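Contents: one structure, followed by commentary.
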Amino acid sequence: MDQRIELRHLRYFLALAEELHFGRAARLLHIAQPALSQQIRQLERIVGVELFRRTSRSVRLTDAGVTFRPRARDILGRLAADLDEAGRVGRGEAGRLDVAFITSATAIVSEWLRAFSLRRPDVQVRLHDGFTVDVLTALERGTADIGIVRDAEERDDIDLALLATERFVAVVPADHPAARGERVQPAALAADPLILFPRSAGARAFDVNTRPIRDTGNEVRVAQECSNWHTITMLVAAGLGVTIAPHSVTTLLPEGARSLELDGASAVSRVFLATRRGDDRPLVRAFVAVSESVAGRGERSNDGGAWAR
Numbered sequence: 001m002d003q004r005i006e007l008r009h010l011r012y013f014l015a016l017a018e019e020l021h022f023g024r025a026a027r028l029l030h031i032a033q034p035a036l037s038q039q040i041r042q043l044e045r046i047v048g049v050e051l052f053r054r055t056s057r058s059v060r061l062t063d064a065g066v067t068f069r070p071r072a073r074d075i076l077g078r079l080a081a082d083l084d085e086a087g088r089v090g091r092g093e094a095g096r097l098d099v100a101f102i103t104s105a106t107a108i109v110s111e112w113l114r115a116f117s118l119r120r121p122d123v124q125v126r127l128h129d130g131f132t133v134d135v136l137t138a139l140e141r142g143t144a145d146i147g148i149v150r151d152a153e154e155r156d157d158i159d160l161a162l163l164a165t166e167r168f169v170a171v172v173p174a175d176h177p178a179a180r181g182e183r184v185q186p187a188a189l190a191a192d193p194l195i196l197f198p199r200s201a202g203a204r205a206f207d208v209n210t211r212p213i214r215d216t217g218n219e220v221r222v223a224q225e226c227s228n229w230h231t232i233t234m235l236v237a238a239g240l241g242v243t244i245a246p247h248s249v250t251t252l253l254p255e256g257a258r259s260l261e262l263d264g265a266s267a268v269s270r271v272f273l274a275t276r277r278g279d280d281r282p283l284v285r286a287f288v289a290v291s292e293s294v295a296g297r298g299e300r301s302n303d304g305g306a307w308a309r
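Be aware that the sequence shown starts at 1, since it is given in the working numbering, and climbs by one per residue.
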C-alpha cells in the first residue's frame with residue numbers, strides 16, 4: 001500500500017474533526033460517506049494510530065487526533081500561502097528585483113522607483129550602484145534584472161529605453177574667474193584641469209560628457225579621475241579643477257563649488273532603462289510598465305527638463 005500522506009487525507013481529516021459526524025463531513029466534502037470512512041482509515045494506517053474514536057452514536061478525536069489537528073491545519077495553511085505567493089510572483093506582484101544603476105541618475109529615477117514600490121509593495125527591490133559599463137555587465141551576467149544607465153553603448157543582448165534627457169552644465173570652484181557670472185563658454189574651461197570619471201567607465205558617456213570642450217577644437221585633459229560625482233564635485237570645490245556634469249548631479253553641490261550654464265553647448269545626456277533582450281518575466285514587465293507610466297505623465301526631472309517620452 002502507498003504509505004504517502006496526500007493533501008486529501010488532511011482535508012478529509014480536518015472536515016471530520018470539525019463536524020465529528022461522518023455524514024455531515026462527507027456532504028461538506030461532496031463525497032460519499034463510505035469513501036470518507038475509507039480515506040480516514042487509510043490515514044490512520046499510515047500514521048499508525050487511531051485519530052478518531054468511533055461508536056455507534058458518536059465520533060470524537062483521540063489524543064493523537066487532537067495533537068494532529070493543528071498540525072494538519074498548519075500544513076494546509078502554509079501550502080495555501082506558498083501557492084498564493086508563487087502566483088503573485090508569477091504575476092509580477094511579489095518577489096525580488098535587482099536594480100543596478102549609475103549614481104548620477106539617482107535624482108532622476110527616484111520618483112518612479114518610489115512609484116513602483118507603492119504599486120508593488122510586496123516586491124523587494126535591491127539596489128546596486130556602479131559605472132554604466134558595470135551595470136550593463138551585471139545585466140548580461142544575470143546579477144541584475146533592471147539597469148539604469150547613462151549614454152550607454154548598444155549591446156546585442158541589451159534593450160535600451162530612453163527615460164530622460166538633460167543638459168550639461170559646468171561646475172567650477174567658487175573663486176574661478178567664470179564664477180562671477182551665470183554662464184560660461186566651454187572654450188573658457190579648456191585650459192583648466194578637468195576632473196571626471198575614467199573613460200573605461202563608459203566610452204560613450206565619457207565622449208558625450210566631454211563633447212562641449214571637444215567641439216571648441218580643444219583637447220580634453222583629464223587631471224583627476226574619480227569613481228563618483230560626489231567626489232568629483234568635492235575636488236572641484238577644493239580648487240583642483242573643473243568638470244562638466246549632467247544638471248541633475250549639481251542639485252546639491254558642496255560649499256566652494258558653483259554650477260554655470262554652458263553657452264553654445266549642444267550635447268545632452270540621456271538616461272536609459274536597460275533590460276536583457278527577451279526577458280519577459282512578469283516582474284520585469286511590471287517594473288518597465290511603471291517606469292513608462294511615470295514618464296508618460298510628463299513628470300519632471302530635477303534639472304527642470306521633461307521626462308523623455
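Cβ coordinates follow ideal geometry from the N, Cα and C atoms, glycine included.
As the structure is a prediction and not an experimental result, all values here were calculated from the model.
Exercise for the section: Please confirm whether Ile323 and Pro193 have their CB atoms less than 8 angstroms apart. Expected result: It is not possible to answer for residue 323, since the shown part of the chain is limited to 1 through 309.
Handout entry: Continuous beta strand (DSSP E) stretch holding Ile232: start and end
Key = Here Ile232 belongs to no beta strand (DSSP E); instead the alpha helix (DSSP H) covers 229 to 237.
Handout entry: Close Cβ partners of His21 (< 7 angstroms) along its chain, the five nearest in sequence each way excluded
Key = Cβ within range, chain order: Val59.
Problem - Inter-stretch contact (C-beta, 8 angstroms, three-pair minimum) for the region 121 to 138 and the region 174 to 189 - result: No, because fewer than three Cβ pairs between the region 121 to 138 and the region 174 to 189 fall closer than 8 angstroms, the two stretches do not touch.
Problem - Segments of 3+ residues assigned as beta strand (DSSP E) that fall wholly inside the region 163 to 244 - result: Restricted to the region 163 to 244, the beta strand (DSSP E) segments that are unbroken, complete and at least 3 residues in length are 194 to 196, 222 to 225, listed in chain order.
Problem - Straight-line Cα distance separating Leu28 from Pro34 - result: Straight-line measurement puts the Cα of Leu28 at about 14 angstroms from the Cα of Pro34.
Practice task
Return the first residue and the last residue of the beta strand (DSSP E) that Ser37 is part of.
Solution key: Not the beta strand (DSSP E): Ser37 falls in the alpha helix (DSSP H), residues 33 to 47.
Problem - Backbone secondary structure at Gly23 - three-state DSSP - result: If DSSP states are grouped into helix, strand and coil, Gly23 belongs with the helices.
Handout entry: Where the alpha helix (DSSP H) containing Ala257 begins and where it ends
Key = Not the alpha helix (DSSP H): Ala257 falls in the beta strand (DSSP E), residues 257 to 262.
Handout entry: Val47 versus Leu10 - alpha carbon distance
Key = In a straight line, the C-alpha of Val47 is about 12 angstroms away from that of Leu10.
Exercise for the section: To the nearest angstrom, report how far apart Ser383 and Arg285 are at their CA atoms. Expected result: This structure cannot settle anything about residue 383, because the visible part of the chain is limited to 1 through 309.
Problem - Cβ shell of Val109 (< 6 angstroms), same chain only, five flanking positions each side left out - result: Hits under 6 angstroms: Ile148.
Exercise for the section: Answer with buried or exposed for Arg141, where buried requires no fewer than 16 other C-beta atoms within 10 angstroms of its C-beta. Expected result: Taking every protein chain shown into account, the CB of Arg141 has fewer than 16 other CB atoms within 10 angstroms, so this residue is exposed.
Problem - DSSP three-state assignment for Ile5, whether helix, strand or coil - result: It is coil, neither helix nor strand.
Problem - Endpoints, beta strand (DSSP E) assigned at Thr275 - result: Run containing Thr275: 268 to 276, per the beta strand (DSSP E) assignment.
Problem - Reduced DSSP category for Ala15 - H, G, I as helix; E, B as strand; rest coil - result: DSSP, reduced to helix, strand and coil, places Ala15 within a helical segment of the structure shown.
Exercise for the section: Grab me the residues of Glu243's own chain with a C-beta within less than 8 angstroms of its C-beta, minus the 5 sequence neighbours each way, in chain order. Expected result: Correcting the residue type first, residue 243 is Thr in the shown sequence and not Glu. Ala170, Val171, Leu194, Ile195, Leu196, Ile232, Thr233, Val236, listed in sequence order.
Practice task
In angstroms with no decimal places, state the Cα-to-Cα distance between Arg119 and Leu97.
Solution key: Arg119 and Leu97 have their C-alpha atoms some 14 angstroms from each other.
Problem - Classification of Arg8 by the beta-carbon crowding that lies within 10 angstroms, buried from 16 upward - result: Around the CB of Arg8, fewer than 16 other CB atoms lie within 10 Å, so the residue is classed as exposed.
Handout entry: Ranges of the alpha helix (DSSP H) found wholly within the region 123 to 155, counting only runs of at least 4
Key = DSSP runs (the alpha helix (DSSP H)) wholly in the region 123 to 155: 132 to 141.
Exercise for the section: Count the other C-beta atoms from every protein chain shown that fall within 10 angstroms of the C-beta of Arg258, then say buried if there are 16 or more, exposed otherwise. Expected result: Arg258 is buried by the Cβ-count criterion.
Handout entry: Proximal residues to Trp112 (C-beta, below 7 angstroms), its chain only, five neighbours per side dropped
Key = Within the same chain, Trp112 has close Cβ partners Val290, Ser291, Val294.
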